[in-house]
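Residue numbers 22 to 311, in this note's numbering, belong to the letters of the sequence shown in order.
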Amino acid sequence: MSEPLRLFEPTSVEAAVGVLAALGDDAKVVAGATALTLLYRQRLIAPGALVSIGRIPGLDGIEVADGELHLGALVTHRAVELSPVVRSAIPVVASTFGKVANVRVRNAATVGGVLAESDYASDPPALFLALDAVVDVQGPGGRRSIPVAEFFIAFYETALAHDELVTGVRVPIPPAGTGAVYHKFVTRSSEDRPCVGVAGLVRLDADGTVADLRVAVGAAAETPQRYRDAEALALGQRLDPDVIARIADAYADRVDTLDDMRGSAWYRTEMVRVWVRRAIESAAATAPAP
Numbered sequence: 022m023s024e025p026l027r028l029f030e031p032t033s034v035e036a037a038v039g040v041l042a043a044l045g046d047d048a049k050v051v052a053g054a055t056a057l058t059l060l061y062r063q064r065l066i067a068p069g070a071l072v073s074i075g076r077i078p079g080l081d082g083i084e085v086a087d088g089e090l091h092l093g094a095l096v097t098h099r100a101v102e103l104s105p106v107v108r109s110a111i112p113v114v115a116s117t118f119g120k121v122a123n124v125r126v127r128n129a130a131t132v133g134g135v136l137a138e139s140d141y142a143s144d145p146p147a148l149f150l151a152l153d154a155v156v157d158v159q160g161p162g163g164r165r166s167i168p169v170a171e172f173f174i175a176f177y178e179t180a181l182a183h184d185e186l187v188t189g190v191r192v193p194i195p196p197a198g199t200g201a202v203y204h205k206f207v208t209r210s211s212e213d214r215p216c217v218g219v220a221g222l223v224r225l226d227a228d229g230t231v232a233d234l235r236v237a238v239g240a241a242a243e244t245p246q247r248y249r250d251a252e253a254l255a256l257g258q259r260l261d262p263d264v265i266a267r268i269a270d271a272y273a274d275r276v277d278t279l280d281d282m283r284g285s286a287w288y289r290t291e292m293v294r295v296w297v298r299r300a301i302e303s304a305a306a307t308a309p310a311p
């Protein structure tokens, strides 16, 4: 007979970290539980204990400080979507979280959860990568910050140690004049997870040439993908169709696409080419005139 599932409800980050350290790999952190519930019901995971962090104060804040948007780990997707602070600071963050699943899911799913889960078919991670976001975590040794570019390792695997907890994410606010979009391409229902998701940012200099261009592709490979050398093809150039096509082709050639129910690897490669181009065009179109 299996042991009953144990539940811990610490009321501080330090207490939660202590429980995780004591239990080791047998424990799973739970906040909104939207992903964990599915995995548990499908018997893809079998933790011996759950560490619920919902009662920990101070992890549900949204604020702007030192040129960054701060989102606490317990902030729900719906709160991000509707927050006047987020909409004012980085509108594309609000709109991207508003594209996740449906309102019911967004009312429960949390910022910390979508990061710690490292599910390839989530929407926010690609945008966080394009925005150079940093994940704040805390463990027995104290606090540390992990760039999103180094945070996602593989399917359901992150740079988090088993006794570390995500406490929030910091997103640098793009300079004035930056256009930013997130395009979500679905192959089934409107509430489905993406077959391909692409975040694009464009900022032009006064002479109309590209000062900054960023592209991150999600849901097409194990982890979100960004290629700075491909982005650099546009720097100092006018953003004409040929330049955009070269960047889109570079991403299509390099993303190691996967097969799943939403599309084959070949199909995803072609959709990466299409949606990278569209994301760059859309971001350029929304960028204020220099």
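Glycine is no exception: its CB is placed at the ideal position from the N, C-alpha and C atoms. Owing to the predicted nature of the structure, the values given are computational and were not obtained by experimental measurement.
With 16 other Cβ atoms within 10 Å as the buried cut-off, status of residue i
| i | result |
| --- | --- |
| Arg-165 | exposed |
| Ile-66 | exposed |
| Trp-287 | exposed |
| Gly-93 | buried |
| Val-124 | exposed |
Distance, residue j Cα to residue i Cα
| i | j | result |
| --- | --- | --- |
| Arg-154 | Ala-147 | For the sequence presented, residue 154 should be read as Ala rather than Arg. Answer to the nearest angstrom: the Cα atoms are 10 Å apart. |
| Val-217 | Lys-120 | 13 Å |
| Ile-194 | Gly-82 | 17 Å |
| Leu-71 | Leu-59 | 14 Å |
| Pro-309 | Gly-162 | 44 Å |
| Pro-68 | Phe-173 | 22 Å |
| Gln-246 | Leu-234 | 15 Å |
| Ala-273 | Thr-32 | 46 Å |
| Val-101 | Ala-122 | 14 Å |
| Phe-118 | Ala-241 | 18 Å |
| Gly-126 | Gly-257 | Inspection of the sequence shows that residue 126 is occupied by Val rather than by Gly. One C-alpha to the other measures close to 42 Å. |
| Met-292 | Ala-170 | 23 Å |
| Ile-301 | Ala-201 | 9 Å |
| Asp-140 | Val-106 | 27 Å |
| Gln-159 | Arg-108 | 28 Å |
| Met-282 | Gln-63 | 17 Å |
| Met-22 | Pro-145 | Model confidence at Met-22 stands at a pLDDT of 43, short of 50, so the residue's coordinates are unreliable; what they give is reported in the following sentence. Answer to the nearest angstrom: the Cα atoms are 40 Å apart. |
| Glu-138 | Glu-178 | 7 Å |
| His-98 | Val-132 | 7 Å |
| Asp-213 | Val-207 | 6 Å |
| Val-114 | Asp-47 | 34 Å |
Distance cut-off 6 Å: residue i Cβ against heavy atoms of the ligand ADP
| i | result |
| --- | --- |
| Gly-39 | For the ligand ADP, the structure offers nothing, since it holds no ligand at all. |
Residue i, enclosing beta strand (DSSP E) - first and last residue
| i | result |
| --- | --- |
| Thr-230 | Element bounds for Thr-230: n/a, residue is neither H nor E. |
| Ala-70 | 70-73 |
| Phe-29 | 27-29 |
| Glu-89 | 89-93 |
| Val-96 | Careful: Val-96 lies outside any beta strand (DSSP E) and carries neither H nor E. |
Beta-carbon spacing of residue i, residue j below 7 Å
| i | j | result |
| --- | --- | --- |
| Leu-279 | Arg-267 | no |
| Leu-222 | Ala-304 | yes |
| Val-238 | Val-264 | no |
| Ala-110 | Ile-74 | no |
| Ala-130 | Gly-53 | yes |
| Val-231 | Val-297 | no |
| Asp-184 | Leu-41 | yes |
| Arg-294 | Ala-269 | yes |
Reduced DSSP secondary structure (H/G/I, E/B, other) of residue i
| i | result |
| --- | --- |
| Tyr-177 | coil |
| Glu-24 | coil |
| Leu-59 | helix |
| Arg-294 | helix |
| Tyr-141 | coil |
| Arg-249 | helix |
| Pro-309 | coil |
| Pro-168 | strand |
Limits of the alpha helix (DSSP H) - the one that residue i falls within
| i | result |
| --- | --- |
| Gly-82 | From DSSP, Gly-82 is part of no alpha helix (DSSP H); its letter is neither H nor E. |
| Gly-39 | 34-44 |
| Arg-275 | 262-275 |
| Ala-115 | 112-118 |
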